[in-house]
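Participant:
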Amino acid sequence: MQHFHHLLPLSQFHHLKHNTPFATTSSSFSVFHPTHIHTEAAMDLINGVLNLVAPPFTFFTMLLFLPPWIFFKFCIGILRSVISENISGKVVLITGASSGIGEHLAYEYASRGACLALCARRESRLREVADRCRRIGSPDVIVIRADVSHAHDCKRIVDETVNHFNRLDHLVNNAGISQVCMLEEADDITNLRPVMDINFWGSVYTTKFAVPHLRNSSGRIIVLSSSASWIPLPRMSIYNASKAALAQFYDTLRVEFGSDIKITVVTPGFIESELTQGKFLSHEGKLVVDYDARDMQVNLSPVMKVERCARSIVKGALRGERYVTEPGWMKMSYVWKVLWPEAMEWINRLMCMTTVGGDSRDDTFGKKVLDISGAQNILYPQSIQSSEMKVD
Ligand SMILES: NC(=O)c1ccc[n+]([C@@H]2O[C@H](COP(=O)([O-])OP(=O)(O)OC[C@H]3O[C@@H](n4cnc5c(N)ncnc54)[C@H](OP(=O)(O)O)[C@@H]3O)[C@@H](O)[C@H]2O)c1
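Per the UniProt record's numbering, the sequence shown starts with residue 1, numbered consecutively.
#1: Closer than 6 Å: is that where the CB of Glu-123 sits relative to any heavy atom of ligand 1?
#2: Between Phe-200 and ligand 1, is there a pair consisting of the residue's CB and a ligand heavy atom that are separated by less than 6 Å?
#3: How big is the Cα-Cα spacing for Glu-326 and Val-306?
#4: Assign Arg-215 to buried or exposed, taking buried as 16 or more other Cβ atoms, counted over all protein chains shown, within 10 Å of its Cβ.
#5: Assign residue 463 to one of two classes, buried (16 or more other C-beta atoms within 10 Å of its C-beta) or exposed (fewer than that).
#6: What residue range is occupied by the uninterrupted beta strand (DSSP E) comprising Asn-173?
#7: Which two residues bound the contiguous beta strand (DSSP E) that contains Val-141?
#8: Where does the unbroken alpha helix (DSSP H) through Thr-264 begin, and where does it stop?
#9: Between the Cα of Phe-249 and those of Val-148, Ser-225, Ala-175, Val-162, spot the shortest distance and give me the residue it belongs to.
#10: Which residue's Cα is closest to the Cα of Ala-317: Phe-65, Gly-77, Thr-39?
#11: Using C-beta distances below 8 Å, list every residue in its chain close to Ala-186, excluding the 5 sequence neighbours before and after it, in chain order.
#12: Under the three-state reduction of DSSP, which class applies to Ala-210: helix, strand or coil?
#13: Out of Asp-140, Arg-349, Ala-245, Lys-73, which has the shortest C-alpha to C-alpha gap to Thr-161?
#14: How is Ile-231 classed by DSSP in three states: helix, strand or coil?
#15: Grab me the residues of Phe-275's own chain with a C-beta within less than 8 Å of its C-beta, minus the 5 sequence neighbours each way, in chain order.
#16: Below 6 Å, is the gap between the Cβ of Ser-226 and the nearest heavy atom of ligand 1?
#17: Rounding to the nearest angstrom, what Cα-Cα distance links Thr-271 and Ile-46 in this structure?
#18: When every heavy atom of ligand 1 is checked, does at least one fall within less than 6 Å of the C-beta of Thr-161?
#19: In whole angstroms, give me the CA-to-CA distance for Val-338 and His-33.
#20: Taking Cβ positions, are Val-303 and Tyr-380 nearer each other than 7 Å?
#21: Measure the alpha-carbon distance for Ile-384 versus Leu-64 and round it to whole angstroms.
#22: Taking only the alpha-carbon atoms, compute the straight-line gap between Pro-21 and Ser-242 and give it to the nearest angstrom.
#23: Any heavy atom of ligand 1 closer than 6 Å to the Cβ of Ile-142?
#24: With distances taken from CA atoms, which of Ala-293, Val-335, Ser-301 is nearest Ile-378?
#25: Who are Cys-352's beta bridge partners in DSSP?
#26: Spatial neighbours of His-213 within its chain, please: C-beta separation below 6 Å, excluding the five flanking residues on both sides.
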């Protein structure tokens, strides 16, 4: 206190001393120190200058350097389409390989001769996938029953893979679930925690345990984020957030790892799988199959065949792509999100919401159009129009 009292009139000093909650600790008063006032003014000045300078600097830097950079990337892209990683004999660990995208990623890697560690909770389904992988070219496949929302399971799948194969080259963080309910419908919001636990933490845990082995092999992480990481689809708020968290997490790791471990972030639109067949986490925290909810969410979007998507992901990863988005046109939705977010919100409200405050189970505009026109037959693959769901 002794170092500032001479700066204040005595009356104010006494007022502060007796009436403020800071009066007893001399360090708390240091906010009034003259050097702090100067620092604050300097910071305001620096921020003011940056506010003025940053926009034109960004504009002119982009104008100058972006065109040659895009041309350079185009040339590198052509080179990569010719020279891509040979995965034959290397080891790939895939989480969520019992159905959908993960299952078909396993087939893609198998057809290129990779050894596989397949993980999910439905073991008998995994064994069927493993058998097919062996038939189409994988020299060795192991199956690991695990729940990626538990850190000890994630450690076990990495340990079992490395103990069996002695190495790990690609880690594919694919396991995921989605929720379909609005925030206000969830009486107990903690019922939706599994979405974050599986989608985000499941990938983080597995990555953490795999990193030393991926460093040894100069390996690659492939992570299934989603276009939902930037599209504000209603009823999927926790899912969207989990996918946005993944994208930012792995973009940050890219900086931390440099070229030691490469990263491919995959951001698909709607792809044929059990998820687009209507398998969701309900607001009661149970995995249910709900076709009406699926139609409300998928709406009038075309659903891409899973084989094509898986092929494109593996090709992209082997070419060293940083991002893979399938179908390709979904990339344009990112431009809309950045340049005109209001339009994107408006379209999502129009297509996926009922009247404001209305019952979310009422048909949405998009679903009504879908039902009347029968457009599902064109937009959705046959497999997700059937009620058959693989069980263990
Ligand atoms: N389909 C799409 O339109 C789409 C779009 C964008 C992103 N994605 C993402 O792609 C990934 C794959 O999904 P999908 O569409 O192929 O759906 P899917 O057919 O339902 O596959 C999900 C996979 O994750 C596994 N899984 C779920 N919870 C798990 C847990 N706790 N521990 C271990 N494995 C678990 C499932 O196996 P078990 O049930 O046997 O454990 C299954 O193999 C997900 O991350 C999803 O978010 C999908």
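Yeah, the Cβ is synthetic: ideal placement off N, Cα and C, and Gly gets one too.
Facilitator: In terms of the structure at hand:
#1: no
#2: no
#3: 10 Å
#4: exposed
#5: Outside the shown range of the chain (1 to 392) lies residue 463, about which nothing can therefore be said.
#6: 170 to 173
#7: 141 to 145
#8: Element bounds for Thr-264: not the alpha helix (DSSP H) but the beta strand (DSSP E), 262 to 266.
#9: Ser-225
#10: Gly-77
#11: Leu-192, His-283
#12: helix
#13: Asp-140
#14: coil
#15: It is Leu, not Phe, that sits at residue 275 in the sequence shown. Counting only Cβ-Cβ distances below 8 Å, and skipping sequence neighbours, we find Gly-100, Gly-176, Ile-177, Ser-178.
#16: yes
#17: Here the sequence assigns Ile to residue 271, which means Thr is not the residue at that position. Cα to Cα, Ile-271 sits roughly 48 Å from Ile-46.
#18: no
#19: 43 Å
#20: yes
#21: 48 Å
#22: Annotation note: pLDDT 42 at Pro-21 (below 50); position unreliable, coordinate value reported separately. Distance between the alpha carbons of Pro-21 and Ser-242 is about 41 Å.
#23: no
#24: Ser-301
#25: According to DSSP, Cys-352 bridges with nothing at all.
#26: Val-162, Leu-168
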